[in-house]
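Right, one structure below, let's go through it.
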Amino acid sequence: KNSIEYSPGVINSKGFTINKAWTTTEQHIGSWINNSDVFGGTGNNKVYCKLNAIAFNNDTTKTATVRIYEGMTVATPSPTPINALTSVMSFDTAGTITPATGKLVFEAYAEKDGKAGKFIDMTALNLILTPGSTYTAVCLLSVANTNPVSMALFWSEDF
């Protein structure tokens, strides 16, 4: 059992619709970063962020695998704050991932052709972003495709 005490805080979310040439290897959808430095300080973040839910949809012609890794290697990220005044989180879609690095914490499958979007409650998984940590979402398909995969992640920030 996780020893971190957690009480629900502000609910935030960030979603992405990614149009790219999907392949049969893991490709970056987006990364969520709990920043170490917040609100003008250095190393001052003490806020834990708990993942509450994930939603995704797949408009490609093949079933997609969606995975979330903790601590995945992401080269040349370009994080953007969710809100520099009210959130400790940033997101990145520009980084280049090293597939299958980090700890796999979630995996699900999205049916093809956008037939059934998925919403999954993740609270029971007790996935918590501590200050300085990152979760990265990836997608892979059984064959190459260029249609969009959409995803949103919902979390609480314990202020």
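Last residue of the sequence shown? That's 161 in the numbering used here, and every number before it is there in order.
The beta-carbon is built from N, C-alpha and C at its ideal position, and this holds for glycine as well.
Selected residue, minimal CA-CA separation from residue i, among the options
| i | options | result |
| --- | --- | --- |
| Ala102 | Val76, Asn60, Asn85 | Val76 |
| Phe108 | Phe41, Leu155, Lys48, Thr44 | Leu155 |
| Val140 | Glu159, Ser158, Glu72 | Glu72 |
| Tyr111 | Ile70, Tyr50, Asn149, Asp160 | Ile70 |
| Ser89 | Thr148, Tyr50, Phe121 | Tyr50 |
| Asn60 | Phe161, Glu159, Trp157, Met153 | Met153 |
| Gly97 | Ser33, Ser15, Thr26 | Ser33 |
For residue j and residue i, the rounded distance between their alpha carbons
| i | j | result |
| --- | --- | --- |
| Met91 | Lys114 | 31 angstroms |
| Thr132 | Gly45 | 12 angstroms |
| Thr63 | Ile35 | 31 angstroms |
| Asn1 | Lys105 | Past the edges of the chain, shown from 3 to 161, lies residue 1, and the structure says nothing about it. |
| Ala40 | Pro81 | The question names Ala, yet the displayed sequence has Val at residue 40. So the two alpha carbons sit approximately 13 angstroms from each other. |
| Thr125 | Val68 | 18 angstroms |
| Gly42 | Thr136 | 20 angstroms |
Rounded distance between the beta-carbons of residue j and residue i, thought under 8 angstroms
| i | j | result |
| --- | --- | --- |
| Asp94 | Pro83 | Incorrect: roughly 11 angstroms between the Cβ atoms, too far for contact. |
Extent of the continuous beta strand (DSSP E) run through residue i
| i | result |
| --- | --- |
| Ala154 | 151-159 |
Buried versus exposed call for residue i [16 or more other C-beta atoms within 10 Å across all chains shown]
| i | result |
| --- | --- |
| Glu7 | Note that Glu7 scores a pLDDT of 46, beneath 50, so its modelled location is shaky; the value from the coordinates is reported in the next line. Classification for Glu7: exposed. |
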